[in-house]
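Colleague:
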Amino acid sequence: MVWQSFFVPLSIRRFFVAKKACSLFIFFFFTCSFLFSLLACAEDSESEKTVFPRDKELYALFPNDPAPGDSVASHLSTGVMMIVHPGGLYTLSFDVDSAYDAPKMQLFRFYGHRSGEGYGVYKMTTIKPEIINGRYVFTFACEENERSLWGLTLVQNDDYYKGKTSNVMLEGSGKYSNHLSLNLISVGLIEPIEGVSDMNDLARMLIKAFRKSYTSFVIDTIYVNYAAKHPTLGNKYPSNKYWYAGPVSEENPLYELGNWPEKGVTEALDIALVHRIEEMNVLGYAALFASNLKGGEGSAVIVGSHTLTTTGVRALSAKEIVKVAVHESGHFFGLKHTTSTLADLEGYQDLSILEDGFDDTPSCPELLESGLYKKAIGKGGSDFYMPNHVFRMLDKKAYGADFNEEDCPDAYLFMFPVSSENTMREFSKQQLKVLKQNLMLIPH
Ligand SMILES: [Zn+2]
Numbered sequence: 003m004v005w006q007s008f009f010v011p012l013s014i015r016r017f018f019v020a021k022k023a024c025s026l027f028i029f030f031f032f033t034c035s036f037l038f039s040l041l042a043c044a045e046d047s048e049s050e051k052t053v054f055p056r057d058k059e060l061y062a063l064f065p066n067d068p069a070p071g072d073s074v075a076s077h078l079s080t081g082v083m084m085i086v087h088p089g090g091l092y093t094l095s096f097d098v099d100s101a102y103d104a105p106k107m108q109l110f111r112f113y114g115h116r117s118g119e120g121y122g123v124y125k126m127t128t129i130k131p132e133i134i135n136g137r138y139v140f141t142f143a144c145e146e147n148e149r150s151l152w153g154l155t156l157v158q159n160d161d162y163y164k165g166k167t168s169n170v171m172l173e174g175s176g177k178y179s180n181h182l183s184l185n186l187i188s189v190g191l192i193e194p195i196e197g198v199s200d201m202n203d204l205a206r207m208l209i210k211a212f213r214k215s216y217t218s219f220v221i222d223t224i225y226v227n228y229a230a231k232h233p234t235l236g237n238k239y240p241s242n243k244y245w246y247a248g249p250v251s252e253e254n255p256l257y258e259l260g261n262w263p264e265k266g267v268t269e270a271l272d273i274a275l276v277h278r279i280e281e282m283n284v285l286g287y288a289a290l291f292a293s294n295l296k297g298g299e300g301s302a303v304i305v306g307s308h309t310l311t312t313t314g315v316r317a318l319s320a321k322e323i324v325k326v327a328v329h330e331s332g333h334f335f336g337l338k339h340t341t342s343t344l345a346d347l348e349g350y351q352d353l354s355i356l357e358d359g360f361d362d363t364p365s366c367p368e369l370l371e372s373g374l375y376k377k378a379i380g381k382g383g384s385d386f387y388m389p390n391h392v393f394r395m396l397d398k399k400a401y402g403a404d405f406n407e408e409d410c411p412d413a414y415l416f417m418f419p420v421s422s423e424n425t426m427r428e429f430s431k432q433q434l435k436v437l438k439q440n441l442m443l444i445p446h
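Under the numbering used here, the first residue of the sequence shown is numbered 3, with each subsequent residue one higher.
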């Protein structure tokens, strides 16, 4: 995932230099207000020492994610980061460790340097927890103007908290609606697609599939746009030339097509259909919790009409394209794969996240053990660090028949990582609930 004004791909691992920045505070014009009803448990003592995040690379905590992983738990005291949205109300909770007194939480905000290079961080406030049912609960709200990157540390006696932090959960609830519109953007030359007569026909199939699968959303409408007709960028995307979406590790120029400049369309979920993605057997991609409906980095789900295989280029049917779009959009709103692939584990940098953490989604250890669906699909994977983790959807047809994914107990779910004819038909109840919670966090 990459951020419009906060980081460019991979740069976040290079920086995170702790420094204070009062001047930039004004430059960014943001306001951040903590709920005053919660002031009883919030304080910001001038004499208190600021305990900055310790590491240059921080694990990310996503809202309403039941599987944050043991890396987040073990780094919670020394610093993790999280994506926050305007108006979101958040609670961070974990089990009380009775061997220690309660820690305080110091909240930080990361900001991009004006040069575009690197990040700074400054402390915003300190919060005391409530204890509810044996858990520490830290509550905070934020009024940023845009999606932002915050960090936290747990502090005791002016040092990192040493107690255990088990069963970490970040819950977020937002003020936005559960309505969503879609914007199908045809990029470059798209050949006729099997199963539909034209782009409008594909759009009809797409909205039908979204309404059937995203039952916790209200899908208002779908727009169809052509990159070649974009008022300012159109000449970059001629309609007579194939568009090849670059490897997921590279900056994605298609994000500039997000926030389509037309009334109503600006806040739709942009689904960019390209000729194909320039990675072997990859059908589509989206950043995990890209959560950006307003244009800029991470603001589009990318889907190919073709896929590159070892034996040549394969055309996808309309049905397949729609399935890929539904799956990738699930990542966009914060869902992980029901079963992690080896590439996922590498992306998470956490070997404990073998599945998505939901009680009502089975997983398939055999899939991981099979050794299939490992990186092996081009460059970039090893450079991924959590916030830049981008999910690829893989093409089963490329991997032969020595392991049958369709036998996996989670194959029926949309967030199963492998697409084939008989996989991916629905979201679970818990997934639908989280999809709605996360959509309502995202300004639109
Ligand atoms: Zn995926």
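In this text, a Cβ means the ideal position worked out from N, Cα and C, and glycines have one as well.
Using a threshold of 8 Å, state whether the C-beta atoms of N227 and I187 are closer than that.
Modeller: A contact, by the Cβ cut-off of 8 Å.
Colleague: Take H170 and list the residues in its own chain whose beta-carbon comes closer than 8 Å to its own, dropping the five residues that flank it on each side.
Modeller: It is Val, not His, that sits at residue 170 in the sequence shown. Cβ-Cβ distances below 8 Å link V170 to L63, P70, V74, A75, L78, L94, S95, F96 in the same chain, with the five nearest sequence neighbours on each side left out; the list follows chain order.
Colleague: Below 7 Å, is the gap between the Cβ of P419 and the nearest heavy atom of ligand 1?
Modeller: yes
Colleague: Apply the 10 Å Cβ neighbour rule to E371 and answer buried if 16 or more other Cβ atoms are within range, or exposed otherwise.
Modeller: It is exposed - the Cβ of E371 has fewer than 16 other Cβ atoms within 10 Å.
Colleague: Secondary structure at L109, three-state DSSP: helix, strand or coil?
Modeller: Annotated three-state conformation of L109 is strand, per DSSP.
Colleague: Less than 6 Å between C-beta atoms, sequence neighbours within five positions excluded: which residues of the same chain meet that for S319?
Modeller: Cβ neighbours of S319 beyond the five flanking positions: E196, G197.
Colleague: Which first and last residues belong to the beta strand (DSSP E) in which I133 is found?
Modeller: 132-134
Colleague: So the beta strand (DSSP E) N185 belongs to, where does it begin and stop?
Modeller: 181-188
Colleague: Which of the three DSSP states is assigned to I323 in this structure?
Modeller: helix
Colleague: Can you tell which of K177, K238, E132 has its C-alpha closest to the C-alpha of P445?
Modeller: K177
Colleague: For P367, decide whether its Cβ has a neighbour in chain D, counting only Cβ atoms nearer than 8 Å.
Modeller: Among the chains in the structure shown there is no chain D, since it carries only a single protein chain.
Colleague: Does at least one heavy atom of ligand 1 sit under 7 Å from the Cβ of H333?
Modeller: yes
Colleague: Determine, using beta carbons only, whether L441 and F335 come nearer to each other than 8 Å.
Modeller: yes
Colleague: Does the distance from the C-beta atom of V98 to that of R111 stay below 8 Å?
Modeller: no
Colleague: With a threshold of 7 Å (Cβ to nearest heavy atom), would H339 be considered close to ligand 1?
Modeller: yes
Colleague: Using CA coordinates, which residue listed in A288, S100, N242 is at the minimum distance from L256?
Modeller: Closest option to L256, judged by alpha-carbon separation, among A288, S100, N242: A288.
Colleague: From this set, L154, V139, F142, which residue's C-alpha is nearest T52's C-alpha?
Modeller: L154
Colleague: Within the continuous beta strand (DSSP E) that includes F142, where are the two ends?
Modeller: 137-143
Colleague: When you compare only the Cα positions, how much space is there between L235 and I355?
Modeller: Going by C-alpha positions, L235 is about 40 Å away from I355.
Colleague: Which residues share a DSSP beta bridge with E357?
Modeller: T341
Colleague: Out of K130, G90, Y92, which one is the CA nearest neighbour of M107?
Modeller: Closest by alpha carbon: K130.
Colleague: In whole angstroms, what is the alpha-carbon distance linking Q351 and A292?
Modeller: 18 Å
Colleague: I want to check one thing, is the minimum distance from the CB of H329 to the heavy atoms of ligand 1 below 7 Å?
Modeller: Yes, the Cβ of H329 comes within 7 Å of a heavy atom of ligand 1.
Colleague: Consult DSSP for M442 and reduce its assignment to one of helix, strand or coil.
Modeller: helix
Colleague: Just mark L151 as buried or exposed, buried being the case when its beta carbon has 16 or more other beta carbons within 10 Å.
Modeller: L151 comes out buried.
Colleague: Write down the C-beta distance between A143 and Y92 rounded to the nearest angstrom, noting that I regard them as a contact closer than 8 Å.
Modeller: Rounded, the Cβ-Cβ distance is 7 Å, consistent with contact.
Colleague: L275 to R149, Cα distance in whole Å?
Modeller: 25 Å
Colleague: If we call anything under 8 Å between Cβ atoms a contact, is S430 one with L415?
Modeller: Pairing S430 with L415 gives a Cβ-Cβ distance under 8 Å.
Colleague: Short of 6 Å in beta carbon distance, which residues of its chain neighbour Y239, apart from the five on each side in sequence? Order them along the chain.
Modeller: The answer, listed in chain order, is V189, G190, A229, A230.
Colleague: Can you tell me whether D1 is helix, strand or coil according to DSSP?
Modeller: Because the chain here runs from 3 to 446, residue 1 falls outside it and cannot be looked at.
Colleague: Between which two residues does the alpha helix (DSSP H) carrying K210 extend?
Modeller: Per DSSP, K210 belongs to the alpha helix (DSSP H) from 201-215.
Colleague: What residue range does the beta strand (DSSP E) around L154 cover?
Modeller: 150-158
Colleague: Whole angstroms is fine: what's the gap from L344's alpha carbon to E407's?
Modeller: 15 Å
Colleague: I believe F219 touches L182 by the beta-carbon criterion, under 8 Å. Please report the beta-carbon distance rounded to the nearest angstrom.
Modeller: Sure, about 5 Å apart at Cβ, within 8 Å.
Colleague: What is the residue span of the alpha helix (DSSP H) that D72 lies within?
Modeller: 72-77
Colleague: Excluding five sequence neighbours on each side, which residues of the same chain lie with their C-beta closer than 6 Å to the C-beta of P65?
Modeller: L172, G174
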